[in-house]
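**Q**
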Amino acid sequence: MGMLTVLPRRGEGWFEAILLPVLALLLSNFLNPQDPLLLAQDFPWLLIIPLLIALRYAFLPALTSSVILASVFLWHPYPLVQGLAVAAGTVLVVLIASEFSAYWSRRETGRALEEEITATRLRQLADDLYVTRVSLDRLEQSLLYQPVSVRTAVEELRQSLAANHGVLNQEIASRVLYFLNQLAGVQVASWYACNGSGTSPNLLASFGNVVSLDDADPVWRQALAEGQSQNIAGLELGQIQQYLSVHVYKDKMGVQHCLGIEDMSFFAISRENLQIIEVLFQYLCNYASAIQFSQQVLQRWPDCPPEFAVDLLQLQRLAGVVPQVGFCIRYVFLDGPEVEAVVRKVQTLRRGLDVLWLHRSDSRLYLLVLLPFSGPSAVDGYLQRVETRIRECCPTDWEKMFQRRDSLQIDRSEAVTQIRAFLEEREPG
């Protein structure tokens, strides 16, 4: 029976409705030629065939099997009255079984549809719960570590470096790794310092469960060979050995710093976070060198604040690493007593990393505002905020003394050349 019910489903039961009664009649006629329909038995067993087919395939295939069984009355001498009664009973049983089959089929179809809808809703609910759980984990991590912005972190580290004359020590390096954990999701990192070529790196600071230095790691080896920071995506490596990225800095005195990132949070592994790590690392490592070379700028323009010269040299070097490192906003005023109120108001509106320089030239006064790590949108926001507040407090002085203002992007050209462009000074002939 199992083999016979495989094929008929493709033909809606017609094959089974024809084959089963024919085989049953042949077998019963061979075993009992006097009563092939087995009507003289205690139970008419052959009538089970139309019943089963009606339950499986509804009315028409069951009626076909009944007609085949009724064909026995054409060649076997059954009484006519008995044949009519058997035929009527068989048709009635087939009708009842077909109705039950249709009702059951509708119930099964509805149940299957409900199960499919329920399964779909459960999958959607599971996906929503997963996203919610991940969001809550990220929120919990953010609240636990009390995250700070890049500007706040750089401001605090810059103050520590200025107090230490730009020299990176173990305390400052440890604070850098802690800030990288908050800002870029760094979980395991190690900071190495090396004085001169040929000497083994010295572990300056570490964060997380750091393992021993593996100088055979492809990212580490490539970074030291080229003297530039490398990451596993840039080298197109298919397998992580130890380091996700290695950041390298080497100054003109031969002092070399290496920052190896071994592990990061899964959702934090991105090009943006790797760039944040590179910018912060290069900015801090180059601070001592920037302090040294800022003396040339201070000798040329004595009224230049040392912080302005140092940060401009820092940004000028970083411009060769990342495409956009900051802007300098230039205000040009007529020199006079009224301008002092305007300048004082601008100074009170500065943010943490902003550095101001007030320079007098002939009858003009230049106010330069250096905005490190700011993009065009940040510049527009700064201009709108500052000028709105100034027009509220001293509109008359502003209209009388203001001439123009513009914003200039920091690039990789020499710092002295950029300052001359800021102050609109000609190149010496």
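When we follow the working numbering, the leftmost residue of the sequence shown carries the number 763, and every step to the right adds one.
The beta carbon of each residue, even a glycine, is placed where N, CA and C say it ideally should be.
Decide yes or no for the touch test of the stretch 1033–1044 against the stretch 1154–1168: beta carbon pairs closer than 8 Å, at least 3 of them.
**A** No, the stretch 1033–1044 is not in contact with the stretch 1154–1168.
**Q** If the criterion is Cβ atoms closer than 7 Å, does the pair residue 953 and residue 967 meet it?
**A** On the sequence shown, position 191 is the one that residue 953 refers to. On the sequence shown, position 205 is the one that residue 967 refers to. Taking 7 Å as the Cβ cut-off, residue 953 and residue 967 qualify as a contacting pair.
**Q** List the DSSP bridge partners of residue 1025.
**A** Start at 1 with the first residue of the sequence shown, and residue 1025 comes out as number 263. According to DSSP, residue 1025 bridges with 950.
**Q** What residue range does the alpha helix (DSSP H) around residue 1155 cover?
**A** Counting from 1 along the sequence shown, the entry for residue 1155 is found at position 393. Looking at the DSSP string, the run of the alpha helix (DSSP H) that includes residue 1155 is 1138–1155.
**Q** Could you check what DSSP says for residue 1093 in three-state terms: helix, strand or coil?
**A** Position 331 of the sequence shown, counting from 1, holds the residue named residue 1093. The answer is strand: DSSP assigns residue 1093 an E or B state.
**Q** Using the beta-carbon count (16 or more within 10 Å), is residue 971 buried or exposed?
**A** Here residue 971 refers to the residue found at position 209 when the sequence shown is read from its first residue. Classification for residue 971: exposed.
**Q** Indicate the three-state DSSP secondary structure (helix, strand or coil) for residue 1083 in the structure shown.
**A** Along the sequence shown, one-based indexing puts residue 1083 at 321. It is coil, neither helix nor strand.
**Q** Note down, in chain order, each residue of its chain lying with its Cβ closer than 6 Å to the Cβ of residue 1087, except the 5 sequence neighbours on either side.
**A** Indexing the sequence shown from 1 puts residue 1087 at position 325. Only 1077, 1080, 1081, 1172 meet the Cβ criterion.
**Q** Mapping DSSP to helix, strand and coil, what is residue 1004?
**A** As a position in the sequence shown, residue 1004 is number 242, starting the count at 1. Coil.
**Q** So, helix, strand or coil for residue 939, using DSSP?
**A** Stepping through the sequence shown from its first residue, residue 939 is reached at position 177. Residue 939: helix per DSSP, three-state reduction.
**Q** Looking only at its own chain, which residues have a Cβ that is under 6 Å from the Cβ of residue 834, when we skip the five neighbours before and after it?
**A** Here the question's residue 834 lines up with position 72 in the sequence shown. Once the five neighbours on either side are set aside, the close Cβ partners of residue 834 are 798, 799.
**Q** Looking at the unbroken beta strand (DSSP E) that takes in residue 967, where does it start and where does it end?
**A** Against the sequence shown, residue 967 aligns to sequence position 205. Segment 964–969, the beta strand (DSSP E) holding residue 967.
**Q** Ordered along the chain, which non-local residues of its own chain (more than five positions away) have a Cβ less than 6 Å from that of residue 1019?
**A** The residue given as residue 1019 occupies position 257 in the sequence shown. Within the same chain, residue 1019 has close Cβ partners 955, 1011, 1047.
**Q** Compute the Euclidean distance between the alpha carbons of residue 1126 and residue 1029, then round it to the nearest angstrom.
**A** To locate residue 1126, count along the sequence shown from 1; it is residue 364. To locate residue 1029, count along the sequence shown from 1; it is residue 267. Rounded to the nearest angstrom, the two C-alpha atoms are 51 Å apart.
**Q** Quick check on this structure: which residue in 794, 809, 867, 943 has the alpha carbon closest to the alpha carbon of residue 818?
**A** On the sequence shown, position 56 is the one that residue 818 refers to. Among 794, 809, 867, 943, the Cα nearest to that of residue 818 is on 867.
**Q** Locate the alpha helix (DSSP H) running through residue 1117, then write down its first and last residues.
**A** Locating residue 1117 in the sequence shown gives position 355, where the first residue counts as 1. No alpha helix (DSSP H) contains residue 1117, which is instead part of the beta strand (DSSP E) from 1117–1123.
**Q** Would you identify the three-state DSSP class for residue 886, choosing helix, strand or coil?
**A** On the sequence shown, residue 886 is found 124 positions in, with the first residue counted as 1. Three-state result, residue 886: helix.
**Q** Should residue 862 be labelled buried (16 or more other beta-carbon atoms within 10 Å of its own) or exposed?
**A** In the sequence shown, the residue the question calls residue 862 occupies position 100. So residue 862 ends up on the exposed side.
**Q** Is the stretch 801–812 close to the stretch 821–828, with three or more CB pairs under 8 Å?
**A** Segments in contact, yes.
**Q** Which runs of the alpha helix (DSSP H) fall wholly inside the stretch 778–804 and span at least 4 residues, in chain order?
**A** Within the stretch 778–804, no complete alpha helix (DSSP H) run reaches 4 residues.
**Q** Would you kindly report the start and end of the unbroken alpha helix (DSSP H) that includes residue 1062?
**A** Within the sequence shown, numbered from 1, the residue matching residue 1062 stands at position 300. Taken as a continuous stretch (DSSP letters only), the alpha helix (DSSP H) holding residue 1062 covers 1049–1062.
**Q** What are the residues that DSSP puts in a beta bridge with residue 1171?
**A** Position 409 of the sequence shown holds residue 1171. For residue 1171, which the question treats as bridged, DSSP gives the partners 1089.
**Q** Return no unless some Cβ of chain B is closer than 7 Å to the Cβ of residue 850.
**A** Looking at the structure shown, chain B is missing, and only one protein chain is on hand.
**Q** Note the first and the last residue of the continuous alpha helix (DSSP H) segment covering residue 973.
**A** Translated into positions along the sequence shown, residue 973 becomes position 211. Looking at the DSSP string, residue 973 is not in any alpha helix (DSSP H), and its letter there is neither H nor E.
**Q** Give me the Cα-Cα distance between residue 1182 and residue 1062, rounded to the nearest whole angstrom.
**A** Counting from 1 along the sequence shown, the entry for residue 1182 is found at position 420. Counting from 1 along the sequence shown, the entry for residue 1062 is found at position 300. Going by the C-alpha atoms only, they are around 10 Å apart.
**Q** If you drop the 5 nearest sequence neighbours on each side, which residues of the same chain put their C-beta closer than 7 Å to that of residue 1177?
**A** Numbered from its first residue, the sequence shown carries residue 1177 at position 415. Once the five neighbours on either side are set aside, the close Cβ partners of residue 1177 are 1059, 1074, 1075, 1078.
**Q** Residue 930 to residue 1021, Cα distance in whole Å?
**A** Within the sequence shown, the letter at position 168 stands for residue 930. Within the sequence shown, the letter at position 259 stands for residue 1021. About 13 Å.
**Q** Assuming residue 1136 and residue 1184 make a contact with CB atoms under 8 Å, what is their CB distance in whole Å?
**A** Within the sequence shown, the letter at position 374 stands for residue 1136. Within the sequence shown, the letter at position 422 stands for residue 1184. With 8 Å as the limit, residue 1136 and residue 1184 do not qualify as a contact, their Cβ atoms being about 16 Å apart.
**Q** Tell me whether residue 1132 sits in a helix, a strand or coil according to DSSP, three-state version.
**A** Along the sequence shown, one-based indexing puts residue 1132 at 370. The answer is strand: DSSP assigns residue 1132 an E or B state.
**Q** Checking the sheet assignment: what are the DSSP bridge partners for residue 1011?
**A** Within the sequence shown, numbered from 1, the residue matching residue 1011 stands at position 249. Its beta-bridge partners are 1019.
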